[in-house]
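K.L.:
First, the structure itself, so that you have it in front of you.
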Amino acid sequence: MHHASHRSTGADRASDGVQDAGIPSANSLAEVLRAVAATGRPVAAARDLVDLSLSVQTADAPSIVPVTVLESTPVHRIPDTGQSHISAFLDGVQRTMIVAHVRGAPLLFAFIAAVVRERNERRMATWREPLVKRAVFASRAAVGDTVWRELESRVPLIDCTANSDSAHPLAIRARLLAEVQRTREQLENSLAVDWYEQESRTLLVDGGISSLGALVVDPAAPPAPRLVGVVKSHTTLYGTPESLDTLCDLDEGSRSALFLIHHRVRPSVLSWYLRLRRASSGDPLFGLVRVELPAPAGWSSDQNASPPDRDVAPFLGAVANLSSALLAERTPVSLPDARWDRLVYGVYDCERYLRAIADHV
Amino acid sequence: MSSPESTAASSIRDHSNDIESVPLGRVVATERKPNTSHEFHFWTALDAPVGIGTIVRVEGAIPVGGVIPRVYGVVTEGFSYSDLQTPLHDVLGLGGKPDARASLTDRTEIRLYTAQVLRHVPEEPLQPVPMGTVYLADDRDVAVALRMDAYVGGETSTAIPIGVYRAGGMRSPIYVDADFLLGPEAAHLNISGVSGLATKTSAIEWLLQSIFAHFPPQKGSIAAVCFNVKGPDLLFLDQPGRLDDADREMYDMLRVPAAPFRNVRYFAPYTARGWALDTLRSNEALAHNVTPLTWGLSEVLQFADVLLNKDDIDAKADALIDFIRERVVGREFHDTGLERKHFVQSFADLDAWFRDVLRKLEEGQGDTWRTHHAATIRKVRNRLSNLSTRCAGLVTDDGAVSDLPYGSFEDRAVYVIDVAQGEEDAQDLVFARVVSKLREHLERRELGVDHVIVFVDELNKYAPGDGPDTYVRKMLLDIAERGRYLGLVLFSAQQFRSQVHRRVVGNAGTALFGRMDGDELATPGYQVLGPAVKARLATLDKGQLMVRHPHFAQPVFVRFPRPAVMSGREGVERFPQAAVPTLAQAVTRDLRRLDDAIELGWVQTTILLYEDSDVIAARSAVLQRQPTDVKAAFKSELQKRSRPSATTVERAAVRPRALRDFAKDEYGG
Chain A
708 MHHASHRSTG ADRASDGVQD AGIPSANSLA EVLRAVAATG RPVAAARDLV DLSLSVQTAD
768 APSIVPVTVL ESTPVHRIPD TGQSHISAFL DGVQRTMIVA HVRGAPLLFA FIAAVVRERN
828 ERRMATWREP LVKRAVFASR AAVGDTVWRE LESRVPLIDC TANSDSAHPL AIRARLLAEV
888 QRTREQLENS LAVDWYEQES RTLLVDGGIS SLGALVVDPA APPAPRLVGV VKSHTTLYGT
948 PESLDTLCDL DEGSRSALFL IHHRVRPSVL SWYLRLRRAS SGDPLFGLVR VELPAPAGWS
1008 SDQNASPPDR DVAPFLGAVA NLSSALLAER TPVSLPDARW DRLVYGVYDC ERYLRAIADH
1068 V
Chain B
7 MSSPESTAAS SIRDHSNDIE SVPLGRVVAT ERKPNTSHEF HFWTALDAPV GIGTIVRVEG
67 AIPVGGVIPR VYGVVTEGFS YSDLQTPLHD VLGLGGKPDA RASLTDRTEI RLYTAQVLRH
127 VPEEPLQPVP MGTVYLADDR DVAVALRMDA YVGGETSTAI PIGVYRAGGM RSPIYVDADF
187 LLGPEAAHLN ISGVSGLATK TSAIEWLLQS IFAHFPPQKG SIAAVCFNVK GPDLLFLDQP
247 GRLDDADREM YDMLRVPAAP FRNVRYFAPY TARGWALDTL RSNEALAHNV TPLTWGLSEV
307 LQFADVLLNK DDIDAKADAL IDFIRERVVG REFHDTGLER KHFVQSFADL DAWFRDVLRK
367 LEEGQGDTWR THHAATIRKV RNRLSNLSTR CAGLVTDDGA VSDLPYGSFE DRAVYVIDVA
427 QGEEDAQDLV FARVVSKLRE HLERRELGVD HVIVFVDELN KYAPGDGPDT YVRKMLLDIA
487 ERGRYLGLVL FSAQQFRSQV HRRVVGNAGT ALFGRMDGDE LATPGYQVLG PAVKARLATL
547 DKGQLMVRHP HFAQPVFVRF PRPAVMSGRE GVERFPQAAV PTLAQAVTRD LRRLDDAIEL
607 GWVQTTILLY EDSDVIAARS AVLQRQPTDV KAAFKSELQK RSRPSATTVE RAAVRPRALR
667 DFAKDEYGG
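Structure below.
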């Protein structure tokens, strides 16, 4: 699959502002609309500028993926210490809207941003600068070279042409959205790398951390993890059908056994489930999060190695501390967010911050 | 005394060069809560030094007509909220247990303020406040915001310091314009506040000190007449008060000498018995500038309306009083059938005249005398004779007069009239006559000074919003509406502004507010104030005021120093009231003002055989005449009035006094 022609990394990103120098960026949606209109093509009316991120849902089917369980005890009670060593939270956001069509192919304006919010004396504040990107995503093959060059001189364009590309407008749109999603991960990862390189404190990343690449392969043993991922969606559940019973019955303040998640192209991660809250209705996924930690180097290659070969004992202290910290992060509650049962306040704060700057797209 | 041009202008310092302005907040507006040309909203950091009453400057971003707009405002409302959508969420977060362990993170909060616009620069075009950066106002900003730049500084400065505005570690002097405080543009000042904090009296004392220090030379001379209507509040204006370092700092900053008034004279009527002054300032150490206030018949008759209400005086009675005033008092009067010629100078003379007229009527055939019916004559006699009883101590039967020095008022002098101990009628009479005399003399430019400030406390009593239309109220209305053209300026105070006649307070160009009562703030007169300003008014400390002045588009909160004069409470402790003197002691004390050699023993011996009333009359006559030989004059006055009766001599002989030599200070000095 051919990816976007512009990539951003922590190394090449400018560090002196909210803009990422690695990918061309526009100042605002209005600027993009004016630029496209200047080419003589009709642009979307204001009422049609709908955020596709809200209307297009991923269609992944629910699944259960087997994993390597690293502990024999299936359930662990977590002491509620009320203490947390998590210092900062990372999250990203994207806003996408179709601003025009050229030969039936959509031009997708995207606002993409990521931020780290750190806790200073109980109050949340922005760490360094947020990464913000505004650009038009389009398929060069679909819109044609002539139009592409005309637009390129006016607005920042990101080519999302794929080799075996379908000309179906919806297929193109799906690909553009996927590229936006990937760019967002790119910004998040860039911030995470910066944090990892500059800070010795613990950063909580919203979502999985396997996409962080080599960074998540922790060479330390035993580890003192400075990155922890918290996954709130459970379309994919890790375990066996038998272990699901235990998972569904997990009490508030308890965690599952530690397990190792293997990825084909990404590094493996250590993971476990933690029940932050218990629903009186019995919803098995209510208040359930999955925590990810970087796995030690060398654990990623052999999927079939047995637990004794991978001594988890040095990790258990970190796992307990992180679990306890996450329980402490349950308050303040993140209401009125619909995911409040799983959403820690720090991440909620990141989302609200990004929503505020997204209002200026 | 410092001159204003050298003081006020230099007090306004421009911080723009020596202090790097740090933004305090940002202007925000939404469709639901837009900014207007008179109101705007801004947010700040949680620890920003902003509160209700803080003055801020907004720097616009987009030039209008080539000029970056600058807007000044005063904070009138503040809001604080977090991202909590409903309190229920907090309950949920803590599991319904208020004592649950606190969160590790505080919710995101906002401090959002609403400010009322004080001034736009440039003034035109008048646009809504732009989205801009908000700064704490420095001295120069405060001056511009309150339009003080129009009258502070320069050779014709008319700035009068009224207090210090404080915000965020900055302190700025606040000035009012003498042209709008003391005339002719506007005039008069009214102060409201709850009782008991001494804010009202302190503020007036401080302001008088400030006016005396900064009254512009080109406006002439000024004096103050203060009516002390309760307690010892104004009785120690010439004594130094207790000041702390903060007070002295404010005095220095505002360039007002931290010293008591240099020229104060006190006036008080006698007690009903007639020989001791009816004042709490009776300590011998302070007696040197206390003068009796006594009036005779002609002084009182002119203001009979003050004491005689409409039930007393109908048209017929009024006609008779006019007749007496014009044809009888102060001149020789004779009529056919009267026993003798009358020369009416005192209430005693008037009563003799009435007796003679009524005798003639009784002896004659008709019911009328000179068209006046006998019943009317009796009624008027009754009412007028009653005046000296109702105002005993102030009104003398014998016509002795001791009054304010009309015609020789001195610049920067304070004349305090202590009527706190007097009856209500007497207070009304004193007020009416003094103010009328001041007005008369100012009209003729013969008072001795060009401007007089008249301070009246308890205004809701003298000029109530409802109730009968009394002489005193009419007089106050007259001062409020026309006094500024004459240089007659009313400084008034009361607890409840809402209970004072609207035209009296409405004509006060400058209004001060100390701590206010919640019920009072709920009255319609305070509707223009927002809830936060009202809340601040309800909790103001001593030494804090809200000031409304014609130049200020919005009220501003200031602090003022303690007056550099002794408080009434401390004064009565430091200078306890002298014991009630005997007649001999009182006469000795009075005569000693004219002759140090007067001794108590001599006075006791001299007055031994005389009636008290004759002694008092003789004393008054001597004080009025101020003879060289006081002893001889006093004896002469005594003998002129009365000779001791045989009964008195006999009584004195049967029970002789233990005459002996008296020490000079035995009367208690």
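Taken in sequence, the protein lines are chains A and B. The first sequence begins at 708 in my numbering and counts up one residue at a time. The second sequence begins at 7 in my numbering and counts up one residue at a time. By construction, the Cβ of each residue, glycine as well, lies at the ideal position given by its N, Cα and C atoms.
Please report the distance separating the alpha-carbon of Gly160/B from that of Trp212/B.
P.N.:
So the alpha carbons of these two residues sit roughly 24 angstroms apart.
K.L.:
DSSP beta-bridge partners for Phe581/B?
P.N.:
None, per the DSSP bridge assignment.
K.L.:
Is the beta carbon of Val578/B less than 9 angstroms from the beta carbon of Leu203/B?
P.N.:
No.
K.L.:
Please say whether Ala590/B and Leu606/B have beta carbons closer to each other than 9 angstroms?
P.N.:
Going by C-beta atoms, Leu606/B is nearer than 9 angstroms to Ala590/B.
K.L.:
Quick check: the Cα distance between Ile968/A and Tyr903/A, rounded to an integer number of angstroms?
P.N.:
Rounded to whole angstroms, Ile968/A to Tyr903/A spans 22 angstroms at the Cα level.
K.L.:
In this structure, what does DSSP give as the bridge partners for Tyr980/A?
P.N.:
Partner(s): Arg997/A.
K.L.:
Mind checking the segment 94-120 of chain B against chain A and listing, in chain order, the residues whose C-beta falls within less than 7 angstroms of any C-beta there?
P.N.:
Cβ contacts with chain A come from His95, Leu98, Gly99, Leu100, Arg107, Ser109, Leu110, Thr111, Asp112, Arg113 and Thr114.
K.L.:
According to the neighbour-count rule (16 or more other Cβ atoms, all chains shown, within 10 Å of its Cβ), is Thr42/B buried or exposed?
P.N.:
The residue is exposed, with fewer than 16 neighbouring Cβ atoms inside 10 Å.
K.L.:
Does any residue of chain A have a CB that is nearer than 9 angstroms to the CB of Thr3/B?
P.N.:
Nothing about residue 3/B can be read from this structure; chain B reaches only from 7 to 675.
K.L.:
What are the start and end residues of the alpha helix (DSSP H) that includes Lys840/A?
P.N.:
Premise fails: Lys840/A lies in the beta strand (DSSP E), Leu838 to Ala845, not in any alpha helix (DSSP H).
K.L.:
For Gln632/B, which residues of its own chain have a beta-carbon under 8 angstroms away from its beta-carbon, when the five flanking residues on both sides are left out?
P.N.:
Excluding positions up to five away in sequence, the list reads Leu600.
K.L.:
Going by beta carbon distance, what residues of the same chain come within less than 8 angstroms of Leu344/B, once the five residues before and after it are set aside?
P.N.:
Answer for Leu344/B: Asp362, Val363 and Lys366, listed in chain order.
K.L.:
Could one say the Cβ of Gly960/A lies closer than 9 angstroms to chain E's Cβ atoms, at least one of them?
P.N.:
Any reference to chain E falls outside this structure, whose protein chains are A and B.
K.L.:
Quick check: is the beta carbon of Thr92/B nearer than 9 angstroms to any beta carbon in chain A?
P.N.:
Thr92/B counts as touching chain A.
K.L.:
Run through DSSP, which three-state label would Gln500/B get?
P.N.:
Correct three-state label for Gln500/B: strand.
K.L.:
Check the Cβ-Cβ distances between Leu30/B and every residue of chain A, and say whether any is below 9 angstroms.
P.N.:
Leu30/B does not count as touching chain A.
K.L.:
Buried or exposed, going by whether 16 or more other CB atoms sit within 10 Å of the CB of Ile228/B?
P.N.:
It is buried - the Cβ of Ile228/B has at least 16 other Cβ atoms within 10 Å.
K.L.:
Establish whether the CB of Asp547/B and some CB of chain A are separated by less than 9 angstroms.
P.N.:
Not an interface residue.
K.L.:
Put Ala751/A into one of helix, strand or coil per three-state DSSP.
P.N.:
Reduced to three states, the DSSP call for Ala751/A is coil.
K.L.:
Hey, quick one: how far does the alpha helix (DSSP H) through Asp1056/A stretch, first residue to last?
P.N.:
Per DSSP, Asp1056/A belongs to the alpha helix (DSSP H) from Tyr1052 to Ala1065.
K.L.:
Using a Cβ-Cβ cut-off of less than 8 angstroms, give me the residues of the segment 1041-1062 of chain A that come near chain B, in sequence order.
P.N.:
Per Cβ criterion, the list reads Leu1042, Pro1043, Tyr1052, Gly1053, Asp1056 and Arg1059.
K.L.:
Determine, using beta carbons only, whether Asp472/B comes closer than 9 angstroms to chain A.
P.N.:
Judged by the 9 angstroms Cβ criterion, Asp472/B is not in contact with chain A.
K.L.:
Does any residue of chain B have a CB that is nearer than 9 angstroms to the CB of Gln1108/A?
P.N.:
The structure shown does not extend to residue 1108/A, since chain A is modelled only from 708 to 1068, so the question has no answer here.
K.L.:
Asp958/A to Leu756/A, Cα distance in whole Å?
P.N.:
Cα to Cα, the separation comes out at about 44 angstroms.
K.L.:
From the beta carbon of Glu999/A, is the nearest beta carbon of chain B less than 9 angstroms away?
P.N.:
It does not: the Cβ of Glu999/A has no partner Cβ on chain B nearer than 9 angstroms.
K.L.:
Leaving out five residues before and five after Ile785/A in sequence, what residues of the same chain have Cβ atoms less than 8 angstroms from its Cβ?
P.N.:
These residues qualify, in order along the chain: Gly960, Ser961, Arg962, Leu981, Ala1027, Ser1030, Ser1031 and Leu1034.
K.L.:
Leaving aside the five residues before and after His314/B along the sequence, list all residues of the same chain whose C-beta is less than 6 angstroms from its C-beta, in chain order.
P.N.:
Reading off the sequence, residue 314/B comes out as Leu, not His. These residues qualify, in order along the chain: Arg389.
K.L.:
Check for me: the alpha helix (DSSP H) holding Cys955/A runs from which residue to which?
P.N.:
Element bounds for Cys955/A: Pro948 to Cys955.
K.L.:
Could you check what DSSP says for Pro1015/A in three-state terms: helix, strand or coil?
P.N.:
In this predicted model, Pro1015/A has a pLDDT of only 47, less than 50, meaning its place in the structure is not dependable enough to derive any value.
K.L.:
Are Pro769/A and Ser950/A close, meaning C-beta to C-beta below 9 angstroms?
P.N.:
Taking 9 angstroms as the Cβ cut-off, Pro769/A and Ser950/A do not qualify as a contacting pair.
K.L.:
How would you write the range of the alpha helix (DSSP H) that Met256/B sits in, first residue to last?
P.N.:
Start and end: Asp251 to Leu260.
K.L.:
Would you mind working out which of Ala358/B, Thr111/B, Ile68/B and Ile58/B sits nearest Phe85/B, comparing C-alpha positions?
P.N.:
That would be Ile58/B, whose Cα lies nearest to the Cα of Phe85/B.
K.L.:
Within the same chain, show all residues whose beta-carbon is closer than 7 angstroms to that of Ser791/A, passing over the 5 residues directly before and after it, in chain order.
P.N.:
Same-chain partners within the cutoff: Ala1032, Ala1035 and Glu1036.
K.L.:
If you draw a straight line from the C-alpha of Val862/A to the C-alpha of Pro749/A, how long is it?
P.N.:
Their Cα atoms are separated by approximately 15 angstroms.
K.L.:
From Pro662/B to Tyr616/B, what does the alpha carbon distance come to, in whole angstroms?
P.N.:
Unreliable placement is indicated for Pro662/B, whose pLDDT of 45 sits below 50; the coordinate value is still reported in the next sentence. Roughly 15 angstroms separates the two Cα atoms.
K.L.:
Could you say which of Ala432/B, Phe566/B and Thr476/B lies nearest to Thr207/B if we only look at CA atoms?
P.N.:
Comparing Cα-Cα distances from Thr207/B to each of Ala432/B, Phe566/B and Thr476/B, the minimum goes to Phe566/B.
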